[in-house]
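The structure appears right after this line, and notes come after that.
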Amino acid sequence: MDSSEFKSVKREISGTVNDIFDDFEESNSRLPTMEEFQVIIADAASHYLGPIDQNAVDGINANLERQRIREKLLWDAAAEQEVVIRKRRDNDG
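Counting from 458, one number per residue, gives the positions in the sequence shown under the numbering used here.
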């Protein structure tokens, strides 16, 4: 994955994380706990990553490694966005 792809994924994930926080706060009048956020983002990650091709036996290890890398990028971007949103909310409130 080159840097432009990484930036694209990060922007997409940042938008998704922002939406998660906004939707949750609007529905619950509070920000999600880390556990609640992890459940929501895991569902979003599953949707984003899609299913692993179980028939590609020869490529399964490569697929798992790619998925692990993509999940790490997703979690890193989500954690970064969470910090930004919490700081913004603290400064606004």
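Glycine included, C-beta positions come from ideal geometry on N, C-alpha and C.
Problem set entry | Rounded straight-line distance, which links the Cα of Ala519 to that of Val474 | 27 Å
Exercise. Can you give the Cα-Cα distance for Leu531 and Ser465, rounded to whole angstroms?
Worked result: 12 Å
For this session: Please state if the CB of Ile470 and the CB of Ala535 are separated by a distance shorter than 8 Å.
Result: yes
Problem set entry | Glu493 to Asn485 span [Cα, whole Å] | 12 Å
For this session: Would you mind listing the alpha helix (DSSP H) stretches within the region 458 to 493 that are 4+ residues and don't spill past its ends, in chain order?
Result: 460 to 485
Exercise. Can you give the Cα-Cα distance for Leu488 and Glu528, rounded to whole angstroms?
Worked result: 23 Å
Exercise. Of the choices Gln538, Ala499, Ala502, whose alpha-carbon is the least far from that of Phe478?
Worked result: Gln538
For this session: Taking Ala499 as the reference, give the member of Glu483, Ile542, Asp533 with the closest Cα.
Result: Asp533
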